[in-house]
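Start counting at 1 in the sequence shown, then tack on 15, and there's your number in our numbering.
Just so it is clear, CB atoms sit at the ideal spot from N, CA and C, and this is done for glycine as well.
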Amino acid sequence: MKILKTLSLFLLAGICLNTNAQTKEEVPFDPSIRHGVLTNGMTYYIKHNEEPKERASFYFAQNVGSVLEKESQRGLAHFLEHMAFNGLEHFPQKKMLEYLEKNGIKFGSEINAFTSFDETVYNISKVPVTNEKLLDSTLLVLHDWSGSLSLTEQEIDAERGVINEEWRTRNTPGFRVSEKVWTEGVMQGSVYAERMPIGLMDVVNNFKYDELRDYYKRWYRPDQQAVIVTGDIDVDAMESKIKKVFSSIPLKKDLPERKDFDVSLDGDINFIASLDKEIGSTSIEFIVRNKAKKRKGYDYLDHEILKNVVSYILNNRYKEQTVKKDCPALSVRYSCSNFIRPLDILGLYIQPKTDKEPESFEFALTELLRFVRHGATEGELQRAKLSIKNSSLSYLKNKDKISSDRYAQQIYEHFFIRNPLPDVMREVNYTVDHLETITNADILAYMRTIYKEEDIVIALKGSSEHTHPAKDEFIKRFEKVNAQELSPYTDTTDDQPLIAADLKEQPVVKTTEITGLDARRYTLGNGAKIIVYPTPHDKDRIYMQAYSPGGSSLLDRDLLPSADVATYIASQSGLGSFDKIALEKKLAGTDTALELSIDELSESLSGNSTKSDIEVLFQKIYLSFEAPRFDREAYDLAMESFTKNLEQRQKYKKSILQDSMSLALTAHHARTLVFNRGFLDRIAFEKLENIYTDRFRGIDDFTFVFVGDIDEAQLLKLAQKYIGNIKPDKRTEKYVDHHYGPAEGKTALRVVEAMETPQATVNMIFKGKMAYSFEHRLKVGMVGQLLQKACHDVIREEEGGSYGVGARALLNDIPEAQYTISVGFDCNPDMVDRLVKVVYDQVDKLSDTIDTEDFKEVKESMIKARKEAVNTNSYWMNVLTSHVFYGRDIHTLDDYIHAVNAITPAAIKKTAGLMRKNADVVEGVLVPQN
């Protein structure tokens with residue numbers, strides 16, 4: 016499922032039951048996907064796809080997950096996933112990762128895996144196809160994953176610590192309260208409730224080696240596996256390779272059946288109070304549990320389309336209601352999804368206003384029941400159809416830009432659940448046609464199958480330190496809503512034009528070429544600059560960024576909190592004569608996005624649209640300058656939401672460290688903003704509009720950059736009409752550099768907090784001055800990548816001290832030339848001092864010794880990434896904005912490759928040495944009490 020799956024994610028909904036079953040006819044399988052089953056039972060899928068060019072993605076899908084574990088094996092499915100990167104028959108120890116990384120394929124972003132209840136999936140993505148040996152070796156890795164993991168005792172023991180750290184990292188307060196809802200509520204009555212994929216650390220730490228090997232032999236077998244290759248490959252040749260490599264894998268006899276598991280429904284209404292002292296805010300979930308039904312053919316497609324229509328309408332209703340002052344909920348989200356294979360759920364996810372838990376629950380349920388009984392208005396139905404239709408058609412226009420990884424993901428979902436997998440054109444055409452047939456009667460019938468007054472979970476998630484309403488209060492509200500008469504929904508629309516004024520095209524007074532690119536700069540009569548760069552990289556999509564120097568650096572310190580939220584409040588208020596909801600209804604079916612920001616050094620706009628909706632984007636730009644809105648109700652709602660976020664953040668232990676780091680990195684400069692009660696108290700509604708209009712006053716100080724599938728003549732006319740009519744101010748601003756940075760030398764922060772799960776967090780920042788140049792920027796970036804690899808190898812692989820380490824280095828020239836090295840990780844508190852020393856040791860080591868193989872790997876990875884990036888609009892937008900706003904030179908791909916290849920280990924040692932010598936360091940550590 017391609018477009019419908021995409022729309023499901025967009026609409027925050029998943030798979031659920033459906034009643035609009037018209038036919039049992041099979042949907043033709045995508046003919047561009049070669050597939051088959053080998054004699055040993057292994058399935059394979061191959062698809063030629065050229066996004067990205069000269070790359071292929073290899074996926075290995077296992078119809079095996081944690082649900083198949085015995086009690087004594089809880090966590091072994093996930094443990095095996097880790098072991099697949101720690102020794103194979105043809106790649107002992109870490110040789111597999113070393114080989115792939117030598118070819119520019121990075122662990123984490125391009126080599127990864129996941130384990131869930133029912134499946135395990137591995138991937139090696141963006142493999143260069145010009146290297147035939149590399150393709151063969153990648154297939155050999157998948158071959159070894161099937162049944163030839165080494166599983167040595169040494170590697171098993173080393174990985175126990177890594178998985179403990181993964182559990183420690185994931186066991187957040189939010190996860191703990193959700194896990195209780197899942198295991199005691201949603202999945203109750205099933206083995207799934209006892210098989211969370213991360214497992215039990217007692218099992219992870221103590222299982223016998225043969226227990227893991229036994230699980231591997233029982234379940235990793237070809238009849239439960241699929242090889243998936245998508246990319247810029249010869250399908251016939253790849254099929255021949257797959258048959259040769261994988262057919263010899265034996266399928267052992269007398270293996271256990273791979274059973275499907277069920278969930279029993281008890282008919283009850285279950286209330287769960289899932290409380291944790293580290294949770295700051297309250298949320299409520301209302302969940303209806305239904306047995307999942309296996310739908311085939313066009314029945315499946317019909318259900319997906321109807322599900323998307325319902326999700327669009329209901330979520331827009333909740334958005335419309337929750338912006339009202341008297342609504343007891345800050346937000347409500349509706350979804351219908353397949354939670355686990357045997358279970359579909361209808362869910363309402365409610366963020367109540369303070370002390371309004373029962374009232375917000377009643378409100379959300381009332382609107383759901385209103386929809387169950389009366390369905391949609393004609394206006395709502397038509398807006399939903401138009402929006403989904405246009406999204407589908409846009410997807411079809413851009414089908415050549417669907418990535419190979421995206422196709423692989425759709426294929427493995429088909430392998431697991433056997434959902435239809437038609438080609439994009441057939442699916443979109445069917446979607447567009449079928450949308451027209453959907454009526455309110457279909458919606459009402461559908462809702463009757465997914466809503467019922469039994470098999471319900473009502474969950475309250477919040478702080479154990481607060482008093483919350485009891486179960487009886489929620490049950491009483493539930494019974495009240497189900498018993499009462501509800502009138503149909505009233506839909507209101509505003510038919511006035513978005514812009515009433517008759518705008519005339521204003522002249523272009525100057526045109527210049529951008530040296531090095533087929534791009535032009537047009538200056539309009541009001542002084543606005545328009546840069547246009549047509550590209551072939553993303554069909555039917557146009558991207559825009561605009562900047563004006565100045566930003567909040569020009570504002571008084573007391574105005575900074577208000578400036579920080581001014582554009583957000585404006586976005587929540589609407590544009591012109593339309594409030595936010597009226598504007599969304601007015602523009603239903605269009606596909607545009609526009610965001611304004613007041614940053615420290617500039618004010619900016621960022622947006623995008625389809626080619627057909629580009630005029631709407633220009634209209635939004637015009638209104639953002641000439642007719643912004645600041646509604647008091649939108650402000651009050653935003654402030655309440657900020658307050659709720661603050662309550663949650665104050666319970667989040669890492670935020671205390673983050674705030675301390677922010678202050679230390681500016682030596683407690685008076686202009687440093689920290690999100691706390693004082694920050695909120697300094698926001699003033701009366702100041703917002705003045706700040707906004709001051710920063711976005713004068714179009715003549717703005718430069719707009721447009722990149723994408725552009726009809727240049729049409730775009731220029733729209734710019735002349737809309738941007739050309741925005742008033743100039745005849746002022747030229749520059750930002751003010753307030754010169755703040757960390758104190759000289761080393762600043763050490765140690766934050767001590769009580770924690771449910773003892774965990775240390777380390778953040779280390781190195782800052783210093785360095786002359787900016789293209790070559791220096793490359794060297795600094797290379798230092799960061801080498802440091803990332805070194806810290807990963809020692810901290811995770813050798814010490815088993817962390818699940819993941821992040822390290823990077825950047826060189827910027829705005830507001831001054833300065834480099835930054837940042838390193839961060841979570842770890843066992845008992846190891847924190849040792850691991851902090853590891854970081855310093857590795858930074859120091861780079862100035863003395865550069866591992867030759869690591870150096871080659873980093874170069875290869877940088878060149879590979881740049882070759883992929885030049886085929887994206889985001890890359891060219893960054894190139895243009897860097898050139899226009901910061902004066903940086905435009906470099907070709909050949910320039911980049913030549914510059915990277917010219918860098919020597921000696922040059923990196925020198926750069927690393929200067930960075931370490933000249934750096935001021937902020938070392939932040941969060942540790943638990945005791």
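*For R70, the first and last residue of its enclosing alpha helix (DSSP H)*: Within the sequence shown, residue 70 is the residue found at index 55, counting from 1. Segment R70 to Q77 is the beta strand (DSSP E) holding R70; no alpha helix (DSSP H) there.
*Is it right to say Q511 is buried, meaning 16 or more other beta carbons lie within 10 angstroms of its own, or is it exposed?*
Sequence index remark: in the sequence shown, residue 511 carries index 496 (1-based). Per the 10 Å Cβ criterion, exposed.
*Going straight from the alpha carbon of A423 to that of T245, what length do you get?*
Counted from its first residue, the sequence shown places residue 423 at position 408. Counted from its first residue, the sequence shown places residue 245 at position 230. If you take the alpha carbons of A423 and T245, they lie about 6 Å apart.
_With 16 other Cβ atoms within 10 Å as the buried cut-off, status of N933_ = As a first step, residue 933 is located in the sequence shown; it is residue number 918 there, counting from the start. Exposed.
*Nearest CA to the CA of Y466: which residue from V303, N179, L620 and S588?*
Translated into the one-based positions of the sequence shown, residue 466 becomes position 451. Residue V303 is the option with its Cα nearest to Y466.
*Who are H63's beta bridge partners in DSSP?*
By 1-based counting over the sequence shown, the position of residue 63 is 48. For H63, which the question treats as bridged, DSSP gives the partners G246.
_Taking only three categories from DSSP, how would you classify K306?_
In the sequence shown, residue 306 corresponds to position 291, counting from 1. DSSP places K306 in strand when its eight states are reduced to three.
*Which value, in whole angstroms, describes the spacing of the CA atoms of T54 and T153?*
Position 39 of the sequence shown, counting from 1, holds the residue named residue 54. Position 138 of the sequence shown, counting from 1, holds the residue named residue 153. Computed Cα separation, rounded: 22 Å.
*If you pair each beta-carbon of the segment 154-163 with each one of the segment 427-439, do three or more pairs fall below 8 Å?*
no
*Based on Cα-Cα distance, which residue from S502, I328, I529 and A543 lies nearest to I596?*
Translated into the one-based positions of the sequence shown, residue 596 becomes position 581. If we check each option's Cα against that of I596, I328 comes out closest.
*Would you say the segment 714-723 touches the segment 485-499, given that touching needs at least three Cβ pairs under 8 Å?*
no
*Any idea if R463 is buried or exposed, counting beta-carbon neighbours within 10 angstroms, 16 or more meaning buried?*
The residue labelled residue 463 in the question sits at position 448 within the sequence shown. With fewer than 16 Cβ atoms within 10 Å of its Cβ, R463 is classed as exposed.
*Can you have a look at T369 and say buried or exposed, based on whether 16 or more other CB atoms are within 10 angstroms of its CB?*
As a working note, residue 369 is residue 354 in the sequence shown. Exposed: under 16 other Cβ atoms inside 10 Å.
*Look at the Cβ atom of G815, then the Cβ atom of A128, and state whether they are nearer than 8 Å.*
If you number the sequence shown from 1, residue 815 lands on position 800. If you number the sequence shown from 1, residue 128 lands on position 113. No, these two residues do not count as a Cβ contact at 8 Å.
_Limits of the alpha helix (DSSP H) - the one that E675 falls within_ = Position 660 of the sequence shown, counting from 1, holds the residue named residue 675. Rather than Glu, the amino acid found at residue 675 in this sequence is Ser. Its alpha helix (DSSP H) spans residues K668 to L680.
*Under three-state DSSP, which class holds H683?*
The count along the sequence shown starts at 1 and reaches residue 683 at position 668. Note: H683 maps to coil in three-state DSSP.
*Give the DSSP-derived three-state secondary structure of N285 in the structure shown.*
One-based indexing of the sequence shown puts residue 285 at position 270. The answer is strand: DSSP assigns N285 an E or B state.
*What does DSSP give as the partner residues of N127 in its beta bridges?*
Position 112 of the sequence shown holds residue 127. The partner list for N127 (beta bridge, DSSP) reads N138.
_Contact the segment 621-637 vs the segment 589-605: 3+ CB pairs below 8 Å_ = yes
*E469 and I284 look like a contact to me (Cβ under 8 Å); what is the Cβ gap, rounded to whole Å?*
By one-based count along the sequence shown, residue 469 stands at place 454. By one-based count along the sequence shown, residue 284 stands at place 269. Right, the Cβ-Cβ distance comes to about 7 Å (below 8 Å), so this counts as a contact.
*Going by the beta-carbon positions, is the gap between V201 and V472 smaller than 8 Å?*
Position 186 of the sequence shown holds residue 201. Position 457 of the sequence shown holds residue 472. Yes. Within cutoff.
*Where do the ends of the alpha helix (DSSP H) carrying C806 lie?*
Along the sequence shown, one-based indexing puts residue 806 at 791. Note, C806: alpha helix (DSSP H), F789 to C806.
*Closest to Y315 by CA distance: which of V42, K601, Y235 and T392 is it?*
If you number the sequence shown from 1, residue 315 lands on position 300. Ranking V42, K601, Y235 and T392 by Cα distance to Y315 puts V42 first.
_Measuring only the C-alpha atoms, how far is N146 from T538?_
Your numbering for residue 146 matches position 131 in the sequence shown. Your numbering for residue 538 matches position 523 in the sequence shown. Answer to the nearest angstrom: the Cα atoms are 48 Å apart.
_Residue(s) in a DSSP beta bridge with Y562_ = Stepping through the sequence shown from its first residue, residue 562 is reached at position 547. BP columns for Y562 point to S619 and T718.
_I want to check one thing, is the minimum distance from the CB of V873 to the heavy atoms of the ligand ADP below 7 Å?_
Among the ligands in the structure shown, none appear at all, so the ligand ADP cannot be discussed.
*Taking Cβ to Cβ, would you say N843 is nearer than 8 Å to E180?*
Residue mapping note: residue 843 aligns to position 828 of the sequence shown, counting from 1. Residue mapping note: residue 180 aligns to position 165 of the sequence shown, counting from 1. It is a contact, given that the beta carbons lie within the stated cut-off.
*Per DSSP, Q240 forms a beta bridge with which residues?*
Taking the sequence shown and counting its residues from 1, one reaches residue 240 at position 225. DSSP output for Q240 lists Q77 as bridge partner(s).
*If you draw a straight line from the C-alpha of I287 to the C-alpha of A474, how long is it?*
The residue labelled residue 287 in the question sits at position 272 within the sequence shown. The residue labelled residue 474 in the question sits at position 459 within the sequence shown. Looking at the two C-alpha atoms, the distance is approximately 5 Å.
*Using DSSP with H/G/I as helix, E/B as strand and the rest coil, what is I417?*
Counting from one through the sequence shown, the residue named residue 417 turns up at place 402. Coil.
_Range covered by the alpha helix (DSSP H) that runs through V177_ = Position 162 of the sequence shown, counting from 1, holds the residue named residue 177. Here the alpha helix (DSSP H) through V177 covers E168 to R185.
*Do L358 and K400 have their C-beta atoms closer together than 8 Å?*
Here the question's residue 358 lines up with position 343 in the sequence shown. Here the question's residue 400 lines up with position 385 in the sequence shown. Not a contact, by the Cβ cut-off of 8 Å.
_Starting from M216, trace the alpha helix (DSSP H) in both directions and tell me its first and last residue._
Taking the first residue of the sequence shown as position 1, residue 216 is located at position 201. Its alpha helix (DSSP H) spans residues M216 to N221.
*asked:* Taking a contact to mean a Cβ-Cβ separation below 8 Å, would you say A71 touches V144 in this structure?
replied: For the purposes of this step, residue 71 is identified with residue 56 of the sequence shown, where counting begins at 1. For the purposes of this step, residue 144 is identified with residue 129 of the sequence shown, where counting begins at 1. In this structure, V144 lies closer than 8 Å to A71 by Cβ.
*Return the chain-ordered list of same chain residues with a C-beta closer than 6 Å to the C-beta of A241, the five sequence neighbours on each side being excluded.*
Residue mapping note: residue 241 aligns to position 226 of the sequence shown, counting from 1. Contacts found: T58, A76 and F430.
*Can you have a look at D724 and say buried or exposed, based on whether 16 or more other CB atoms are within 10 angstroms of its CB?*
Residue mapping note: residue 724 aligns to position 709 of the sequence shown, counting from 1. D724 comes out buried.
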